[in-house]
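Take a look at the structure set out below.
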Amino acid sequence: MLRTRTTTPAFSTCVGQHSLPEAVCVLAMLCCLAAAPAQLHAHGSVVDEGDACVIQFGFYSAHFSIFQPHVSAHQSFCEDIPEAGESVFVMEYRHDSMRQVPLEFRLMRNTSGLGRFVRWQDIDAMPAAQLSADTVFRQSLPPQTDGVARVMHHFETPGDFIGIVSLPHPTDDIVYHAVFPFSVGASVWSNWPLGIPVLALLWFAIRRVRRKPLASGADHEPV
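Using our numbering, the first residue of the sequence shown is number 24, and each one after it goes up by one.
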């Protein structure tokens, strides 16, 4: 007689009778969920191009990095930074015309209610009083003839912030703005509420698998 075997799904293997303990599987999946936010590569005007982060505003663009000397002397961050404290924002211009114009750099607390989705239009629509109250740092730089703009700020506390970089057109009466929301004291667990629906579905699936008859994956002879 032909022997038949029921194929066991990969998920069932994780929680089946002869698998690793269920708690280990759930922990592994939790780790995956926790790491997921780190895979987001674009916040506002800053884009991770793989080998470098780029900040874009109008036809301008620059390589963008944030350094925290007290955390790591050489490690750079694209946007979210791990701790409060001294932070250095570095922009390496990609266009010669950027060397001819001044730059304004602003940091403000993100009280917009829009989180990562805040844009310049939202900032521009804010009342002047709110913009002033939320601003924690502002600096104007003259034209950087070497093509590198450096701004230093000491964050007193962790939290959600918005960075705004503004540059004028070299000849026309136009000002370009880059807006990048970011977190100080960022943690892979900071977005844990996003995983609640996934965890609920995961638990439901585990319950369904465990209710299946133990014989469902065993060899059996056809009647």
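Heads up, the beta-carbon is just placed ideally off N, CA and C, and yes, glycines get one too.
R129: which of R139, R161, E72 sits nearest, CA to CA?
Taking the sequence shown and counting its residues from 1, one reaches residue 129 at position 106. Comparing alpha-carbon positions, the option among R139, R161, E72 lying closest to R129 turns out to be R161.
Let me know the beta strand (DSSP E) ranges lying completely inside the segment 147-175, each 3 residues or longer, listed in chain order.
The segment 147-175 is shown to contain whole beta strand (DSSP E) runs of 3 or more residues at 158-164, in chain order.
By alpha-carbon positions, which one of I185, V171, G208 ends up nearest to S84?
Counting from one through the sequence shown, the residue named residue 84 turns up at place 61. A check of alpha carbon separations from S84 across I185, V171, G208 identifies V171 as the nearest.
Can you give me the Cβ contacts of T180 inside the same chain, cut-off strictly under 6 Å, excluding the 5 residues immediately before and after it?
In the sequence shown, residue 180 corresponds to position 157, counting from 1. Within the same chain, T180 has close Cβ partners A107.
Excluding the five sequence neighbours on either side, which residues of its own chain have a C-beta within less than 6 Å of the C-beta of H64, listed in chain order?
On the sequence shown, residue 64 is found 41 positions in, with the first residue counted as 1. With a pLDDT of only 43 at H64, under 50, the local geometry of the prediction cannot be trusted, and no value is derived from it.
Quick check: the Cα distance between P125 and V94, rounded to an integer number of angstroms?
Against the sequence shown, residue 125 aligns to sequence position 102. Against the sequence shown, residue 94 aligns to sequence position 71. Whole-angstrom Cα-Cα distance: 30 Å.
Quick test of your reading: S68 and F184, contact by CB under 8 Å. State the CB separation rounded to the nearest angstrom.
Walking along the sequence shown from the start, residue 68 turns up at place 45. Walking along the sequence shown from the start, residue 184 turns up at place 161. Separation of the CB atoms of S68 and F184 is rounded to 14 Å, and the pair is thereby denied contact status at 8 Å.
Consult DSSP for F140 and reduce its assignment to one of helix, strand or coil.
Residue numbering aside, residue 140 sits at position 117 when the sequence shown is read from its first letter. In the structure shown, F140 sits in a helix (DSSP, three-state: H, G or I).
Beta-carbon proximity check, H177 vs E102, cutoff 7 Å:
Translated into positions along the sequence shown, residue 177 becomes position 154. Translated into positions along the sequence shown, residue 102 becomes position 79. A distance of 7 Å or more separates the beta carbons of H177 and E102.
Give the range of the beta strand (DSSP E) segment to which D71 is assigned.
Your numbering for residue 71 matches position 48 in the sequence shown. Element bounds for D71: 69-71.
Please report the residue range of the beta strand (DSSP E) in which R129 lies.
Stepping through the sequence shown from its first residue, residue 129 is reached at position 106. Looking at the DSSP string, the run of the beta strand (DSSP E) that includes R129 is 126-132.
Nearest-angstrom Cα distance between I78 and H86?
On the sequence shown, residue 78 is found 55 positions in, with the first residue counted as 1. On the sequence shown, residue 86 is found 63 positions in, with the first residue counted as 1. In a straight line, the C-alpha of I78 is about 6 Å away from that of H86.
Can you give me the Cβ contacts of G81 inside the same chain, cut-off strictly under 6 Å, excluding the 5 residues immediately before and after it?
Working through the sequence shown from its first residue, we reach residue 81 at position 58. Around G81: Y199.
For Y116 and M175, what's the separation of their Cα atoms in angstroms?
Taking the sequence shown and counting its residues from 1, one reaches residue 116 at position 93. Taking the sequence shown and counting its residues from 1, one reaches residue 175 at position 152. Cα-Cα distance, rounded: 17 Å.
On the three-state DSSP scale, how would you describe A58?
In the sequence shown, counting from the first residue as 1, residue 58 sits at position 35. At A58 the pLDDT is 43, less than 50, meaning the model places this residue with poor confidence and gives no usable figure here.
From the DSSP secondary-structure annotation, give me the bridge partner or partners of F112.
Here residue 112 is taken as the residue at index 89 of the sequence shown, counted from 1. Answer is I89, V174, bridged to F112.
Going by beta carbon distance, what residues of the same chain come within less than 7 Å of S247, once the five residues before and after it are set aside?
Look at the range of the chain in this structure, 24 to 246, and you will see that residue 247 is not part of it.
Go to D183, then tell me how far its beta strand (DSSP E) extends in each direction, as first and last residue.
Numbered from its first residue, the sequence shown carries residue 183 at position 160. That run of the beta strand (DSSP E) goes 182-191.
Can you tell me the Cα-Cα spacing of G208 and Q91, whole angstroms?
Sequence index remark: in the sequence shown, residue 208 carries index 185 (1-based). Sequence index remark: in the sequence shown, residue 91 carries index 68 (1-based). Rounded to whole angstroms, G208 to Q91 spans 12 Å at the Cα level.
What does DSSP give as the partner residue(s) for Q79 in the beta ladder?
In the sequence shown, counting from the first residue as 1, residue 79 sits at position 56. DSSP output for Q79 lists S84 as bridge partner(s).
Under the three-state DSSP convention, the category S95 falls into:
By 1-based counting over the sequence shown, the position of residue 95 is 72. Residue state, collapsed to three classes: strand.
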